[in-house]
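Just below is one structure, and these are the notes that go with it.
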Amino acid sequence: MAICGVVLAAGRSARMGTPKALLDFRGEPFVLRILEVLEAVDLKPRLVVLGPDAPRIRPFLAPRECVILENPEIEGGPIVSVRCALTALRPLCPTALLAWPVDLPHIRVSTVERLLQAYRRFRAPATLPAFGERRGHPVIWDSSLFSELESSQEATRHGPRAVLRRHADRLLVVPVDDSAVIDDLNTPEDYERLVREVNRDIY
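The sequence shown begins at 36 in the working numbering and counts up one residue at a time.
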């Protein structure tokens with residue numbers, strides 16, 4: 036069962052003011068920390084979709100075993116990055132795709148392992164975590180939804196969540212005790228909070 040991992044890192048990071056992919060988490064850039072988790076759970080291939088900050092991010096990815104893609108239309112949102120990944124993966128015919136936004140570097144390895152176990156057991160069209168009443172990331176997309184992700188006009192307008200809504204009665208929502216799955220880091224204040232929490236954990 037071939038499950039591929041994709042890091043979605045094509046955004047402008049406008050509210051953060053600096054590329055989120057390169058912010059530090061436990062001594063490493065966000066993007067590398069996520070790749071390490073994907074390596075730890077043995078997802079192959081691993082893809083990273085970049086946007087306007089690609090020239091700054093590529094050097095950090097050079098030592099890693101990953102495929103680097105560039106989103107030519109970042110104004111289209113995450114769905115365009117997902118479609119870039121699906122196009123690149125088409126010859127490999129993967130079973131599923133785990134899509135992980137780069138602004139969630141602090142999700143635990145054990146959380147990702149739990150999602151993968153749930154997907155492998157039930158093979159739902161989409162498997163995603165929930166903390167409390169809120170659903171989060173990463174999302175595991177089964178190949179049965181690839182064609183819809185690529186062609187849905189609703190997804191073009193409203194993003195991948197439109198596909199989740201269309202299949203709401205077939206989703207596998209996995210409760211987790213990891214609040215990071217819903218903790219998107221979009222502003223300097225969000226990042227400062229993460230740093231305080233990391234330091235608290237260390238000391």
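Think of the CB as a built atom: it goes at the ideal place given N, C-alpha and C, for glycine as much as any other residue.
Practice item. To the nearest angstrom, report how far apart I237 and V230 are at their CA atoms. Key: A caution first: I237 carries a pLDDT of 40, below 50, which makes its placement in the model too unreliable to give a value.
Exercise for review: Report the option in L96, G46 and G52 whose CA atom is closest to the CA atom of L70.
Suggested key: Check the Cα spacing between L70 and each of L96, G46 and G52: the tightest is with L96.
**Study point:** Range covered by the beta strand (DSSP E) that runs through V117
**Key:** Here V117 belongs to no beta strand (DSSP E); instead the alpha helix (DSSP H) covers P113 to L124.
**Study point:** alpha helix (DSSP H) segment containing E185, residue limits
**Key:** In the DSSP assignment, E185 falls within the alpha helix (DSSP H) that extends over F181 to S186.
Check your understanding: So which of E110, F157, A45 and T191 has the shortest CA-CA distance to W176?
Key -> Of the candidates E110, F157, A45 and T191, the one whose C-alpha sits nearest the C-alpha of W176 is F157.
Review point. From P87, R118, V117 and G167, pick the residue whose C-alpha is nearest to that of V216; which is it?
Key: Selected option, being the one with the closest Cα: G167.
Review point. Residues in its own chain within less than 6 Å of Y154 by CB, not counting five upstream and five downstream?
Key: Only residues of its own chain outside the window of five on either side were considered, and among them T162 and I175 have a CB closer than 6 Å to the CB of Y154, listed in chain order.
Check your understanding: Of the residues G86, Y226 and N221, which one's Cα is nearest the Cα of I103?
Key -> The residue with the shortest Cα to Cα distance from I103 is G86.
Check your understanding: Between D204, P64 and G52, which lies nearest to V42 when the distance is taken from Cα to Cα?
Key -> The candidate whose alpha carbon is nearest that of V42 is P64.
Exercise for review: Could you work out which residue in A37, G112 and L58 is closest to R81 when comparing CA atoms only?
Suggested key: Out of A37, G112 and L58, A37 has the C-alpha closest to the C-alpha of R81.
Practice item. Go through its chain and collect everything with a Cβ distance to T130's Cβ below 8 Å, but skip five positions before and after it. Key: Closer than 8 Å at Cβ, skipping near neighbours: M36, A37, I38, D177 and S178.
Check your understanding: Could you check where the alpha helix (DSSP H) with A197 kicks off and where it finishes?
Key -> Segment R196 to R201, the alpha helix (DSSP H) holding A197.
Exercise for review: Count the other C-beta atoms from every protein chain shown that fall within 10 angstroms of the C-beta of T146, then say buried if there are 16 or more, exposed otherwise.
Suggested key: The residue in question, T146, is buried, as its Cβ has 16 or more Cβ neighbours within 10 Å.
Review point. Pick from V66, G194, M51 and L73: whose alpha carbon is nearest that of G40?
Key: For the residues V66, G194, M51 and L73, the minimum Cα distance to G40 belongs to L73.
Review point. When the Cα of R61 is compared with those of R192, T222, P140 and L151, which residue comes out closest?
Key: Shortest Cα-Cα distance from R61 to any of R192, T222, P140 and L151 involves P140.
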